[in-house]
């Protein structure tokens with residue numbers, strides 16, 4: 012069978028790659044065509060129709076400013092689906108784009124699966140009508156979504172969370188800290204992991220804050236030996252980070268060193284290893300915050316949502332108590348979220364110091380992690396979802 016898959020962000024690329032592997036196991040003769048990233052390309056053995064880095068835009072105001080580009084991509088995607096004639100169109104999160112494709116695909120008689128539901132429980136609940144009307148089967152990845160969608164009259168399928176599989180099978184879980192440091196030419200010193208986000212706008216917003224934080228913490232005598240590692244976002248390059256760092260003229264492998272007060276390096280392609288081997292992490296929300304939970308690294312979420320206008324629009328729309336997946340799953344504040352004006356060098360430094368110095372505070376967070384992991388269950392989610400999709404398409 013032929014599967015047309017659309018993922019518009021780095022997290023969707025990760026989950027899409029595991030889904031493709033599952034589909035190829037369940038349907039060895041399958042054909043895959045997709046919009047996504049490098050991980051999906053590796054799993055499918057073919058390049059994407061469009062790489063997600065060319066379309067990922069953050070914020071309400073920013074989306075309006077790039078409306079022409081987005082509409083052009085929608086038109087291109089619709090035409091490509093009609094030309095290729097898939098047995099199923101599989102949409103992975105990315106609702107602003109994917110709902111337009113869902114409506115189109117449904118109207119032209121294509122089977123529509125939505126994998127990783129749009130977060131309608133947090134904002135824009137009116138989209139539930141579109142899920143009911145245009146989506147043949149919804150696949151969800153968080154346990155708290157089961158009763159929510161059932162109450163809304165949607166018979167969604169929950170097979171577990173695919174991130175559990177991704178972490179369990181990752182190189183990060185099968186390599187010692189010593190090997191990680193040696194491979195990246197890093198000294199055996201403690202470091203703080205810093206993730207600025209995957210979109211260009213997020214990087215531009217967070218990098219000045221993170222570099223100020225690093226200099227602030229480094230200036231404290233007891234932390235003068237700490238280093239700082241930025242996990243470079245997939246599909247981004249050093250050019251996205253260089254304007255915010257005083258880089259030396261030479262780079263070794265994929266790590267570059269800051270020539271300012273604090274030693275800041277950027278490492279690409281090893282996000283999970285960077286998080287796992289850190290003493291603590293500053294994470295820009297998103298999937299990475301749940302990765303830190305599963306990897307067992309204490310964290311603080313720091314998030315600045317585009318422009319100030321974008322932030323205030325978001326506050327009016329978003330209903331959820333938390334912005335981080337781990338806290339949402341736990342339904343309580345397991346780790347702090349510093350948002351917008353609260354996300355500054357002083358506040359980040361204070362929270363990181365507490366994570367490093369307050370043993371009980373750190374233990375309480377890790378105990379919360381354990382409860383989150385338990386609620387997500389065992390692995391096998393991607394394979395189970397692929398099996399369910401093939402079953403839905405197989406004549407009975």
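Residue numbers (the numbering used here): 12 to 407. A virtual CB, placed ideally from N, CA and C, is assigned to each residue, including glycine.
If you check the CB distance, residue 289 and residue 204 come in under 8 Å. Residue 248 counts as exposed, since fewer than 16 other beta carbons sit within 10 angstroms of its beta carbon. Using a Cβ distance threshold of 8 Å, residue 106 and residue 13 do not count as a contacting pair. Taking each of 333, 402, 388, 344 in turn and checking the Cα distance to residue 379, the smallest one comes out for 344. With 16 or more neighbouring CB atoms inside 10 Å of its own CB, residue 64 falls in the buried class.
Around the beta carbon of residue 188, fewer than 16 other beta carbons sit within 10 angstroms, so the residue counts as exposed. By the neighbour-count criterion, in which a residue is buried when 16 or more other Cβ atoms sit within 10 angstroms of its Cβ, residue 316 is buried. A contact is defined here as three or more CB-CB pairs under 8 Å, and the region 232-250 fails this definition with respect to the region 171-183. Contact annotation: residue 286 and residue 273 have beta-carbon atoms that are not nearer than 8 Å. Judged by DSSP secondary structure, residue 122 falls within the beta strand (DSSP E) whose first and last residues are 122-126. Nearest neighbour of residue 100 by Cα position, chosen from 405, 15, 219, turns out to be 15. Taken atom to atom, the span from the alpha-carbon of residue 404 to that of residue 40 is near 14 Å. Positions of the beta strand (DSSP E) runs, each at least 3 residues long and wholly inside the region 116-162, are given as 122-126, 148-151 in order along the chain. When rounded, the separation of the alpha-carbon atoms in residue 242 and residue 84 is 29 Å. One alpha carbon belongs to residue 169, the other to residue 399, and they sit about 10 Å apart. Taking all protein chains shown into account, residue 227 has 16 or more neighbouring C-beta atoms within 10 Å of its C-beta and is therefore buried. The shortest CA-to-CA distance from residue 118 to any of 199, 310, 146, 47 is the one to 146. For residue 286, the enclosing alpha helix (DSSP H) starts and ends at 282-287. Straight through space, the alpha carbons of residue 31 and residue 394 are spaced by roughly 9 Å.
Counting C-beta pairs closer than 8 Å gives three or more between the region 331-348 and the region 305-314, which meets the contact rule.
Taking all protein chains shown into account, residue 95 has fewer than 16 neighbouring C-beta atoms within 10 Å of its C-beta and is therefore exposed. In the three-state DSSP reduction, residue 371 falls in the helix class (H, G or I). In the three-state reduction of the DSSP assignment, residue 383 falls in the helix class.
Between residue 142 and residue 125, the CB-CB gap stays under 8 Å. In this structure residue 37 is in contact with residue 397, their Cβ atoms being roughly 5 Å apart against a cut-off of 8 Å.
For residue 205, the three-state secondary structure derived from DSSP is strand. In this structure residue 216 is buried. Its beta-carbon is surrounded by 16 or more other beta-carbon atoms within 10 angstroms.
Note on residue 148: 16 or more other CB atoms within 10 angstroms of its CB, so buried under the neighbour-count rule. Contact check for residue 284 against residue 183 passes: the beta carbons are separated by less than 8 Å. Nearest C-alpha to residue 401 among 34, 60, 279: 34. Taking each of 239, 210, 296, 387 in turn and checking the Cα distance to residue 223, the smallest one comes out for 239.
Bounds of the beta strand (DSSP E) holding residue 42 are 42-46.
Here residue 167 has 149, 151, 160 as same chain residues with Cβ atoms under 6 Å from its own Cβ, once five neighbours each way along the sequence are excluded. Taken through DSSP and simplified to helix, strand or coil, residue 242 comes out as strand.
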